[in-house]
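> Would you mind keeping the following structure in view while I ask a few things?
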Amino acid sequence: MKVFLRGIGLAAILACSIQMLAAQETPTGDPKDFKVKPCLHSVSYAGVWRGQALLSVDEFLVKAKELGFDSVMIVAKRPHLSPLDYDDAARKRLKARLAELNLKLVALAGYTDFTAGIDKPGIPHVEIQALYLAEVAKLARDLGTNMVRVFTGYERPGIPYDRQYATVVEGLKLAGKRAQEYGVTLVVQNHHDIALHHDAMYWLLKEVNLPNVMAGWDAWSPTLEKLSAEEIRQSVLKMKPFIVNTIAADYIRQPRFNYEPGLTNYLRQEDVLRAVPMGEGIIDYQTFFTALRDIGYRGYIAYEMCEVLDGGGSIENLDRTAKKFLDYLKRFETSSLQDGEKTASR
0 MKVFLRGIGL AAILACSIQM LAAQETPTGD PKDFKVKPCL HSVSYAGVWR GQALLSVDEF
60 LVKAKELGFD SVMIVAKRPH LSPLDYDDAA RKRLKARLAE LNLKLVALAG YTDFTAGIDK
120 PGIPHVEIQA LYLAEVAKLA RDLGTNMVRV FTGYERPGIP YDRQYATVVE GLKLAGKRAQ
180 EYGVTLVVQN HHDIALHHDA MYWLLKEVNL PNVMAGWDAW SPTLEKLSAE EIRQSVLKMK
240 PFIVNTIAAD YIRQPRFNYE PGLTNYLRQE DVLRAVPMGE GIIDYQTFFT ALRDIGYRGY
300 IAYEMCEVLD GGGSIENLDR TAKKFLDYLK RFETSSLQDG EKTASR
């Protein structure tokens, strides 16, 4: 009987721990609850774009600490943190290393595309990706974090939109329920085609209807959707019930042209985007971060250098750019925002 009761007690403690781990701090509606909490995304040193330097996970952690960051987000795939490469012992070592460096692991960055392979129904692509996210959620739990960033899906030509949308819903539900077992929240970033706009994302998350499937809302895609400053602000207000994370980066547009011999002229093409230090690009972070402040956002502001960057991909340039991010964020600290508003009202 004692063994049975002891087992019930341990199960209750475990359930309580998982529930506490899963809880995310959603916006309160009170601007006083907003704090600037910078976080460095390991994709910034993952060697993913032309010329970008590659650091190992441990090298990245040391680098983040040296640059002045207290928290990190880590890529949950090779070359960084793939579940394939981290057994129980490796996870314990990494968790201890994070503690040794006094770094908080805010989230793991999962990589999904639930519409991939939708034209080949014989392959269980959605189940495969849901299982991948379950493994990433377990990895997150083992490392002491309760958040995994995910994507929706890219829209495939020739496939009815609603079929693709339904596939994303199915994938998020499957993965979300598995993530619940580990006390982990899936944070859907507005990055892929499906449900990119805030109205569509709001609808999607309501339809998924799981308490641990929330939003990572960024300013990047609304800007490229050509939303006005007021529309970007409204996107934050709309997504308020779901926003628990945001990832920041800044970009400039570079015009492109194709020569047309028959016209002896150039035809305008879509612009290419290049990354620049925060505050030097086209994204209206003044509006975006002020809106986050206004809704009482309590999450982190993660910084990523995941595209060809002004100055190149050397360690030295990446370091300089990351430090500029920290300097840039200082203007959005609550006291600085309030001082700016007082000055503007005079």
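In terms of numbering that gives the first Met the number 0, the sequence shown opens at residue 0 and continues consecutively. Glycine included, each C-beta is placed from N, C-alpha and C at the ideal position. Quick caveat, the model's predicted, so the values are computed rather than measured.
#1: Given a threshold of 16 other Cβ atoms within 10 Å of its Cβ, counted over all protein chains shown, does A214 qualify as buried or as exposed?
#2: Could you tell me the boundaries of the beta strand (DSSP E) in which G175 lies?
#3: Spatial neighbours of P26 within its chain, please: CB distance less than 7 Å, with the 5 preceding and 5 following residues excluded, ordered by chain position.
#4: Specify whether the segment 130–137 and the segment 154–162 touch according to this definition: at least 3 beta carbon pairs, one from each stretch, less than 8 Å apart.
#5: Quick check on S234: buried or exposed, where buried means 16 or more other Cβ atoms within 10 Å of its Cβ?
#6: Please confirm whether T245 and I300 have their CB atoms less than 8 Å apart.
#7: If you drop the 5 nearest sequence neighbours on each side, which residues of the same chain put their C-beta closer than 6 Å to that of G312?
#8: Apart from the five residues on each side of it in sequence, which residues of its chain come closer than 6 Å, Cβ to Cβ, to D326?
#9: Under 8 Å, with one C-beta from each stretch per pair, do the segment 113–129 and the segment 221–237 reach the 3-pair mark?
#10: To the nearest angstrom, how far is the alpha carbon of K62 from that of D318?
#11: Looking only at C-alpha atoms, which of K31, A199 and D87 sits nearest to A139?
#12: Under 8 Å between the Cβ atoms of K237 and L209?
#13: Would you report the Cα separation of D187 and P260, rounded to the nearest angstrom?
#14: In its own chain, which residues sit with a C-beta less than 8 Å from the C-beta of G310, not counting the 5 before and 5 after it?
#15: Using alpha carbons as the reference points, say which of Q179, M72 and D57 lies closest to M304.
#16: Excluding the 5 residues flanking A290 on each side, which residues of the same chain have their C-beta closer than 6 Å to its C-beta?
#17: Between K323 and the rest of its own chain, which residues show a CB-CB distance below 7 Å, the 5 nearest in sequence each way excluded?
#18: Assess, as a yes-or-no matter, whether the segment 193–203 is touched by the segment 161–171 under the definition of 3 or more beta carbon pairs within less than 8 Å.
#19: Please identify the residue among A247, D270, T263 and L266 whose C-alpha is closest to the C-alpha of Q253.
#20: Nearest by alpha-carbon distance to G152: which of N145, Q163 and I282 is it?
This is what the structure holds:
#1: buried
#2: Counting along the chain, G175 falls outside any beta strand (DSSP E), though it belongs to the alpha helix (DSSP H) covering Y160 to Q179.
#3: K239, I242, I294, G295, Y296 and R297
#4: no
#5: buried
#6: yes
#7: G50, Q51 and A52
#8: none
#9: no
#10: 8 Å
#11: D87
#12: no
#13: Here residue 187 is Val; the residue named in the question, Asp, does not match the sequence. Distance between the alpha carbons of V187 and P260: 45 Å.
#14: N316, R319 and T320
#15: M72
#16: R232 and V235
#17: P276 and M277
#18: yes
#19: D270
#20: Q163
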